[in-house]
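A.B. asks:
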């Protein structure tokens, strides 16, 4: 499994949203500027995230985006499944499998796929946002 730029940017934008939407709505443009992501590309990703029920767009002069759920309730696995589809290291096609293929599929590939999903489902937006804030504080302390 290789996570595409769509998945990577989706995660970055969602973490950015978790950090900056605590106080107010966040504009797409501000996320793009902070994360160096093309606005047109992020619009496509945000359309998927809206459709997937993770974010909400608010129109108007004070408009922008907000998380629909709290950051502690949104996992990286959830984001990846919304923007990338199923998270799998290996696609298992059960037709035309001989006994060796079935043995490998059951004892290796299925377990690997489960491990990847379990791992990404353990990491929340809140966790990554907090780690980012801690890193920023370290940088500030270094300069003082």
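Numbering (the numbering used here), first residue to last: 0 to 143. Glycine included, C-beta positions come from ideal geometry on N, C-alpha and C. None of these values were measured; they are calculated from a predicted model.
Can you round the beta-carbon distance between residue 44 and residue 5 to whole angstroms, since I take them to be within the 8 Å contact cut?
C.D. replies: The residue given as residue 44 occupies position 45 in the chain shown. The residue given as residue 5 occupies position 6 in the chain shown. That belief holds up - the Cβ atoms of residue 44 and residue 5 are roughly 6 Å apart, short of 8 Å.
A.B. asks: Would you tell me roughly how many angstroms separate the C-alpha atoms of residue 116 and residue 89, rounded to the nearest one?
C.D. replies: The count along the chain shown starts at 1 and reaches residue 116 at position 117. The count along the chain shown starts at 1 and reaches residue 89 at position 90. Cα-Cα distance, rounded: 12 Å.
A.B. asks: What's the call for residue 8, buried or exposed, on a 16-neighbour Cβ count within 10 Å?
C.D. replies: Indexing the chain shown from 1 puts residue 8 at position 9. Residue 8 should be labelled buried.
A.B. asks: Which two residues bound the contiguous beta strand (DSSP E) that contains residue 79?
C.D. replies: The residue given as residue 79 occupies position 80 in the chain shown. Note, residue 79: premise wrong, no beta strand (DSSP E); alpha helix (DSSP H) at 75-83.
A.B. asks: In three-state DSSP terms, what is residue 65?
C.D. replies: Here residue 65 refers to the residue found at position 66 of the chain shown. Looking at residue 65 - three-state DSSP - the assignment turns out to be strand.
A.B. asks: Considering only C-alpha positions, which residue in the set 33, 53 and 95 is nearest to residue 69?
C.D. replies: Reading the chain shown from its first residue, position 70 is the one you call residue 69. Ranking the options by Cα distance to residue 69, first place goes to 53.
A.B. asks: Considering only DSSP beta bridges, list what residue 54 is partnered with.
C.D. replies: For the purposes of this step, residue 54 is taken as residue 55 along the chain shown, with counting starting at 1. The partner list for residue 54 (beta bridge, DSSP) reads 66.
A.B. asks: Hey, out of 113, 96 and 78, whose CA is closest to residue 87's CA?
C.D. replies: As a working mapping, residue 87 is identified with position 88 in the chain shown. Nearest option by C-alpha distance: 113.
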